[in-house]
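J.: Residue numbers (our numbering), protein chains in the order written: chain A, 4 to 472; chain B, 72 to 132.
Even glycine gets a Cβ: it sits at the ideal position worked out from N, Cα and C.
None of the values given here were measured: they were computed from a predicted structure.
1) Could you give the C-beta distance for residue 538(A) and residue 231(A), rounded to a whole number, given that I count them as a contact under 8 angstroms?
2) Does the beta-carbon distance from residue 52(A) to residue 377(A) come in below 8 angstroms?
3) Quick one, which residues of the stretch 168-179 of chain A are near chain B if we go by CB-CB under 7 angstroms, in chain order?
4) Tell me, please, whether the stretch 188-205 of chain A touches the stretch 83-97 of chain B by the rule of three or more beta-carbon pairs shorter than 8 angstroms.
5) Taking only the alpha-carbon atoms, compute the straight-line gap between residue 105(A) and residue 407(A) and give it to the nearest angstrom.
6) Could you tell me the boundaries of the alpha helix (DSSP H) in which residue 91(B) lies?
7) Under 8 angstroms, Cβ to Cβ, is there at least one residue of chain A near residue 81(B)?
8) Applying the 10 Å Cβ sphere with the 16-neighbour rule, what's the burial state of residue 435(A)?
9) Ignoring anything shorter than 4 residues or poking outside the stretch 94-125 of chain B, list the alpha helix (DSSP H) runs there in chain order.
10) Anything in chain B within Cβ reach of residue 312(A), meaning under 7 angstroms, just list it in chain order.
11) Please report whether the beta-carbon of residue 117(B) lies at a distance below 8 angstroms from any beta-carbon of chain A.
12) Could you round the C-beta distance between residue 162(A) and residue 130(A) to whole angstroms and report it? I think they count as a contact, below 8 angstroms.
13) Could you say if the stretch 54-70 of chain A and the stretch 223-237 of chain A meet the contact criterion of at least three C-beta pairs nearer than 8 angstroms?
14) Could you tell me whether the Cβ of residue 83(A) comes closer than 8 angstroms to any Cβ of chain B?
15) Can you list, in chain order, the residues of the stretch 204-227 of chain A whose Cβ is nearer than 7 angstroms to any Cβ on chain B?
16) Within the 8 angstroms Cβ cut-off, does residue 88(B) reach chain A?
17) Mind checking if residue 98(B) is an interface residue toward chain A, Cβ cutoff 8 angstroms exclusive?
18) With a cut-off of 8 angstroms, does the C-beta of residue 75(B) fall near any C-beta of chain A?
19) Ends of the alpha helix (DSSP H) at residue 202(A)?
20) Check residue 262(A) in the structure and name its three-state DSSP category.
21) Can the beta-carbon of residue 240(A) be found less than 8 angstroms from the beta-carbon of residue 72(A)?
22) From residue 478(A) to residue 45(A), what distance separates their C-alpha atoms?
23) Would you mind telling me which residues of chain A sit closer than 7 angstroms to residue 123(B), beta carbon to beta carbon, in chain order?
24) Within 8 angstroms of any Cβ in chain B, is that where the Cβ of residue 25(A) sits?
25) Do you know offhand how far residue 306(A)'s Cα is from residue 48(A)'s?
26) Considering only the alpha carbon of each residue, which of 169(A), 40(A), 133(A) lies closest to residue 349(A)?
27) Return the chain-ordered list of same chain residues with a C-beta closer than 6 angstroms to the C-beta of residue 23(A), the five sequence neighbours on each side being excluded.
28) Label residue 42(A) either buried or exposed according to how many other C-beta atoms from any shown protein chain fall within 10 Å of its C-beta, with 16 as the threshold for buried.
29) Measure the alpha-carbon distance for residue 86(B) versus residue 289(A) and round it to whole angstroms.
30) Could you name the residues of the stretch 93-117 of chain A whose beta carbon sits closer than 9 angstroms to any beta carbon of chain B, in the order they occur along the chain?
31) What residue from 455(A), 439(A), 443(A), 450(A) has the CA that sits closest to residue 229(A)'s CA?
32) Going by beta-carbon coordinates alone, are residue 363(A) and residue 159(A) separated by less than 8 angstroms?
33) Rounded to a whole number of angstroms, what is the C-alpha to C-alpha distance between residue 342(A) and residue 418(A)?
Structural data, given as structure tokens:
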């Protein structure tokens, strides 16, 4: 597969990768509601929900924080991503190539691929906790960083190898299988949580809140965990999919929307996967903690098996697998865009092995909240650049799609805006102690300010140079 | 045939989720719920693949 093709497939839809989506192929509400509803219930939910419990979020903070944060996420999709997607009707990658140049887009792809590898690695670990149950495998604990046993490494490698081989040869089958699994998966989350409520002491809806406050989301973090407040919950849930909305990755999907208002259909995804599923997974973990006397062991497989039996363990395996599989595939394509002479299967194998190696380290799962925040943060500046370039530049007399118009392969204004934003966010974190969960908001404004200033300087300098010639 | 498959799939989903509410209100035991969930899961996965991807155009992300 050639680099351009590979890069195109990364943008997922498989159609109109380097042209605007024509009116005949635009889709309505039903398509987007269905797609988003199935999209946001994945293996990560089995980890994030419990980690909120471990981080000591209180019941009030979680229930209301998730409501506000998810609402902000939907508004971001609706008012930032969708209008640009509908206006340009291009993939993120092609739009970025027009703004930042081909070489910049390749660099962005590489970073994206690295993030994909870590995410897929976490999901392989999650699946491994369920696969390891019949082997009496010692499960890792919340504070573990390095591989905990030989069995753990063997199981992770078996799951990773299988996932990689399927990503190499049978991606489409997994994609279809994921469609089948999606509605069942969310029902397993709900059923498992409802069935164990009596074991936690919930005898009627009337005493649910009391139990929720005293036995589920108790408001005190487990040892070694960051203490979550209402603000943590709001910002985390808002920025969980930051790469998709503020980072503009979902341009690739929403460019098929008949109108920008269809960005609101993301609500079907986040309020199912990032609300119901997180709360349900939290309930399951609370039961585990209750029965295991606050043990620090953390195993989504064991937790789901206790609550839903075989169906629960299968759900964890499928959720992890169907998330890891396309993620490895996309990471392979992203890397292949940089190494066009190596076949996509070979690259996918290499990426899969790197991912599997990463999966051996339990820290990837135990620090998933931090990783998800970091993932969004790293890809966010590119979203700010696209927003300014498409929506603001035409109104203030700056040239949009500068790399395309000047035939640049690398637009330094975009690159510096990206790197400098990261450096400033790091400084905010290290010097002023701003936690990673909150960096996205100031980071977006920093990226916007830097990009607009640099673009003004670069374009003005180029104009002067042209006049002088 | 297609409608029969869809009906069986819906029954499968029903068996996956509804018994848990019966556990919550104390009508059935937890162990029975686990068995019914497993049956529901099997029913869903042996019937849904034959119709669900015919309707959907594929997951987009």
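T.: Taking the structure as given:
1) With chain A represented from 4 up to 472, any question about residue 538(A) goes unanswered, as that position is not in the structure.
2) no
3) 178, 179
4) yes
5) 9 angstroms
6) 73-95
7) no
8) exposed
9) 101-118
10) 105, 108, 109
11) no
12) 5 angstroms
13) yes
14) no
15) none
16) yes
17) no
18) no
19) 174-203
20) coil
21) yes
22) With chain A covering 4 to 472 only, the question about residue 478(A) has no answer from this structure.
23) 182, 183
24) no
25) 13 angstroms
26) 169(A)
27) 92
28) buried
29) 25 angstroms
30) none
31) 439(A)
32) yes
33) 21 angstroms
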